[in-house]
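Each remark here refers to the structure printed beneath this line.
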Amino acid sequence: MKLRPLNDRVVIKRIEEEERTAGGIIIPDTAKEKPIQGEVVAVGNGKLMEDGSRRPLDVKAGDRVLFSKYAGTDVKVEGEDLLIMREDDILAIIEK
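Residue numbers for the sequence shown follow this note's numbering, so the first one is 328 and each next one is one higher.
Shown next as structure tokens:
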């Protein structure tokens with residue numbers, strides 16, 4: 328896939344959550360919420376500062392991140408559902 332976000336935007340692929348709870352209860356599709364975790368697929372060049380320089384992004388391709396529930400724009404590219412958002416909408420990087 329050839330998708331390169333601009334400036335401080337990031338392309339994220341949502342990571343689906345478990346369909347069972349810790350107690351073994353299966354959650355039906357209608358009761359599921361959108362996942363708020365994802366994997367960064369691509370990042371832009373960086374944020375353009377007032378003096379014309381670019382600040383590099385803190386996230387990189389391959390990072391697992393948490394983002395707000397209603398952040399970003401859903402897009403479909405080559406049959407794959409992706410999310411494009413600004414780096415500011417990312418709440419945290421999940422470290423292993």
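Here a beta-carbon is modelled for each residue, glycine too, at the ideal position from N, C-alpha and C.
| Query | Result |
| --- | --- |
| Reduced DSSP secondary structure (H/G/I, E/B, other) of E414 | helix |
| Sheet register partners of K374 (DSSP bridge) | R382 |
| Under 9 Å between C-beta atoms of L410 and D401 | yes |
| Alpha-carbon spacing of G373 relative to E407, whole angstroms | 25 Å |
| D390 versus E377: straight-line alpha-carbon distance, rounded | 28 Å |
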